[in-house]
Amino acid sequence: MTAPEKQTLGFQAEVKQLLQLMIHSLYSNKEIFLRELISNASDASDKLRFEAINNDALYGNDHELKIKVGFDKAARTITISDNGIGMSRDETISHLGTIAKSGTKEFFGKLSGDQQKDAALIGQFGVGFYSGFIIADKITVETRRAGLDASEGVRWESGGEGDYSIEQIEKTGRGTDIILHLREGEDEFLSSWKLKSIIRKYSDHISLPIVMQKEEYDEEKKETVLRDETETVNQASALWARSKSEITPEQYDEFYKHVSHDFQSPLTYTHNRVEGRSEYTQLLYIPAKAPFDLWDRNKRGGLKLYVKRVFIMDDAEQLMPTYLRMVKGVIDSADLPLNVSREILQESRDVRVIREGSTKRVIGMLEELANADEQEKKDKYATFWTEFGQVLKEGIGEDAANKDRLAKLLRFASTANDNDEQTVSLEQFLARAKEGQDKIYYVTADNYVAAKNSPHLEIFRKKGVEVLLLTDRVDEWMLSFLTEFDGKELVSVAKGGLDLGALEDEAEKKEHEETQTSYQDLVGKMKEALADKAKDVRVTFRLTDSPACLVADENELSGNLLRMLKAAGQNAPESKPILEINPDHPLVQRLKAEDVASSFADWANILFDQALLAEGGSLADPASFVKRLNELLLSAK
């Protein structure tokens with residue numbers, strides 16, 4: 001069969017955009033190119049180990065996996081080589097010419113033009129190969145996939161502009177060689193000392209040996225020359241397998257960047273060896289910044305699974321619940337079989353034990369930050385909540401075993417604060433509750449301003465009772481699982497009748513009963529006028545400034561949840577709200593006292609529509625509302 005001739009192909013549009021961002025946004029930290037390319041070489045070796053579990057022939061006569069870094073001053077090139085899995089022609093085009101990632105459009109939509117912020121996002125996107133163009137104006141890749149003939153090698157080459165060339169070559173060994181042709185002014189990297197210092201700084205944790213040619217001083221030439229002999233530059237042992245006392249914070253940070261492709265340091269981490277019914281090591285990190293694809297619940301988790309230090313799979317979602325999908329790191333089991341598959345993981349008792357133990361460990365990490373006295377740890381938890389709070393709330397409905405611990409980690413905005421920051425815990429809420437208060441009150445809305453200005457809060461402000469302001473989309477769903485905390489019921493101020501319990505004295509109760517009796521006729525007429533809109537009409541004492549408000553029946557969906565379902569294209573159940581009127585408001589008193597039979601239905605509809613607008617709803621017939629309002633304004637005395 002004749003080998004295909006050299007072809008020139010165009011980059012995917014997103015790759016072109018990314019290359020420009022790489023070169024300009026990451027230029028201030030050029031040396032990370034070596035970290036990224038060594039990390040990729042390490043991953044390629046891990047993948048070979050995994051595939052070779054069932055096919056040892058992939059190793060051929062070369063079982064010693066390693067990464068080699070070298071340079072050529074005369075040619076002005078740096079070469080990073082591995083003898084890992086390698087790539088076929090199709091894989092080379094797929095991996096180096098396109099970005100086949102879910103969320104690509106969202107990723108580019110988040111780029112702001114701020115180089116520092118964009119650099120962090122680029123790191124999260126995990127496209128480290130392209131970082132080579134920071135220092136190179138041309139990159140040549142020569143690769144051959146394990147198991148293919150030497151004649152099926154591939155050479156890929158690009159100047160980082162709009163296209164690349166690809167051709168079939170003869171390559172004796174499997175794996176990948178990446179040759180960086182340096183830009184003008186980047187000769188500082190053509191130094192053994194410089195490259196070794198970068199490797200020791202960023203890649204010391206890599207479990208494979210990273211080798212370079214040894215150097216010696218030649219007395220005759222009066223210069224340093226390279227010898228044929230090589231030396232291992234890094235420690236070449238799995239970082240998670242080392243004793244914690246041997247690992248520096250900087251090494252923990254760099255390992256995190258290796259497994260997560262994040263350019264920022266993690267928020268916190270935990271490193272433990274677990275013994276007992278199942279034996280495993282866990283090194284788990286919580287990022288400081290949410291990744292661009294955090295809301296993709298179908299995205300696999302961020303944990304790498306090893307068995308006896310042999311890489312098994314990326315993104316082992318069975319090891320961590322979905323609501324902790326932000327967690328990155330490594331789990332190394334001593335009990336699982338080397339040929340374990342995703343299907344076997346789902347049924348494994350040992351995996352369930354690891355999942356439960358790791359979940360508890362992450363929650364413990366968060367509790368340590370949330371309950372700390374030190375301001376630095378408190379600030380870290382505030383950062384975590386800002387970035388991942390909405391995702392953690394999913395755990396209330398998904399993890400019954402840890403629901404009580406998770407509930408203590410929740411944070412909310414509240415009427416006790418003057419801003420929209422979610423800083424109030426349920427424990428804090430109860431600690432400053434009014435004497436006799438036996439409920440935790442909350443209101444839900446589309447946004448903070450709507451929640452803060454909700455008419456349902458008026459009586460609570462008058463009595464100085466704190467109310468939680470819930471505005472995240474996940475809140476309504478979460479509240480269907482979180483119905484009480486520490487024996488106190490969570491109650492929506494916009495559902496059911498108002499029951500302030502001991503917060504209302506006997507004189508108030510008696511006055512309310514008398515008022516309700518005197519408004520019976522008005523209520524009856526309004527029910528008749530609003531029969532097609534309102535399930536019921538009743539007098540309320542929850543309002544002090546507004547003439548009316550809408551509430552949902554005790555066992556029905558709130559107006560906010562119904563609007564969310566409809567906006568998401570879901571089939572929301574048909575239900576009518578209850579209209580509550582304020583007997584102390586001049587509009588309601590006028591409606592009761594005056595003979596307005598001719599316009600009574602218009603007034604009743606205006607009150608209903610105003611109440612709907614006040615809670616963030618939209619009118620079914622805005623034109624009729626405007627017409628009624630104008631007619632009533634013109635007829636007003």
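UniProt numbering puts the sequence shown at residues 1 to 637. Even for Gly, the Cβ is constructed at its ideal location relative to N, Cα and C.
Q. Can you give, in chain order, each stretch of the beta strand (DSSP E) that sits fully within the segment 205 to 262 and has at least 3 residues?
A. 210 to 218 and 223 to 232
(Q) On the CB-based measure, 16 or more other CB atoms within 10 Å of its CB, does K171 come out buried or exposed? (A) buried
Q.
Spatial neighbours of L522 within its chain, please: C-beta separation below 7 Å, excluding the five flanking residues on both sides.
A. L591 and K592
Q: Can you grab the Cα-Cα spacing for the pair K627 / D602, in whole Å?
A: 10 Å
Q | DSSP three-state assignment for S158, whether helix, strand or coil | A | strand
**Q.** N40 (DSSP reduced to helix, strand or coil)
**A.** helix
**Q.** Residues of its chain near K68, where Cβ-Cβ distance is below 7 Å and the 5 sequence neighbours each way are ignored
**A.** S81 and V211
Q | Helix, strand or coil at D521 according to DSSP, with G and I counted as helix | A | helix
Q. Which class does K6 belong to by DSSP, given the choice of helix, strand or coil?
A. coil
Q.
Taking a contact to mean a Cβ-Cβ separation below 8 Å, would you say V330 touches L303 in this structure?
A. yes
(Q) Here's a check: name, in chain order, each residue in its chain whose Cβ is nearer than 8 Å to the Cβ of Q346, leaving out the five neighbours to either side. (A) Q318
Q.
Within a Cβ cutoff of 7 Å, which residues of the same chain sit near E31, ignoring the five residues on either side of it in sequence?
A. I198
Q) Distance, Cα to Cα, S94 vs E458? A) 60 Å
Q.
With distance defined between alpha-carbon atoms, name the residue in T515, K525 and V493 nearest to E615.
A. V493
**Q.** the segment 407 to 416 / the segment 467 to 481 touching (three or more Cβ pairs under 8 Å)
**A.** yes
Q: Go to Q168, then tell me how far its beta strand (DSSP E) extends in each direction, as first and last residue.
A: D163 to I169
Q | Close Cβ partners of A236 (< 6 Å) along its chain, the five nearest in sequence each way excluded | A | P209
Q: State the Cα-Cα distance for the pair L530 and A290, rounded to the nearest angstrom.
A: 47 Å
(Q) Just list the residues that DSSP pairs S414 with in beta bridges. (A) L468
**Q.** Residue interval of the beta strand (DSSP E) (run including I53)
**A.** Here I53 belongs to no beta strand (DSSP E), and DSSP marks it neither H nor E.
Q | Close beta carbons around G103, own chain, < 7 Å, minus the five adjacent residues each side | A | With a pLDDT of only 48 at G103, under 50, the local geometry of the prediction cannot be trusted, and no value is derived from it.
Q) Are K509 and F600 closer than 8 Å when you measure CB to CB? A) no
Q | Neighbourhood of E281 by C-beta, 6 Å cutoff - its chain only, sequence neighbours within 5 removed | A | Residue 281 is actually Thr in this sequence, not Glu. Cβ neighbours of T281 beyond the five flanking positions: W240, R273 and D332.
Q. Can you tell which of I78, R200, R405 and G159 has the C-alpha that lies nearest to the C-alpha of D187?
A. I78
Q) How about T444 and N582: do their beta carbons lie closer than 8 Å? A) no
Q.
For a quick check, are the C-beta atoms of L19 and Y164 less than 8 Å apart?
A. no
Q: Go through its chain and collect everything with a Cβ distance to G395's Cβ below 6 Å, but skip five positions before and after it.
A: Y323 and L406
Q) Taking the Cβ atom as the reference point for each residue, do A611 and L633 lie within a distance shorter than 8 Å? A) no
Q | Three CB pairs or more closer than 8 Å across the segment 50 to 57 and the segment 126 to 138 | A | no
(Q) Since D46 and F311 should fall inside the 8 Å C-beta cutoff, what is the C-beta to C-beta distance between them, to a whole number of angstroms? (A) 3 Å
Q: Let me know if R227 comes out buried or exposed under the rule of 16 or more other beta-carbons within 10 Å of its beta-carbon.
A: exposed
Q: Would you identify the three-state DSSP class for E31, choosing helix, strand or coil?
A: coil
Q) Do G173 and N83 have their C-beta atoms closer together than 8 Å? A) yes
(Q) Please classify Q422 as buried or exposed, where buried requires at least 16 neighbouring CB atoms within 10 angstroms. (A) buried
**Q.** Nearest-angstrom beta carbon gap, L190 and L34 [assumed within contact, 8 Å]
**A.** Wrong, their Cβ atoms sit about 13 Å apart, outside the cutoff.
Q: Compute the Euclidean distance between the alpha carbons of L385 and I286, then round it to the nearest angstrom.
A: First, the amino acid is wrong: residue 385 is Trp here, not Leu. So the two alpha carbons sit approximately 12 Å from each other.
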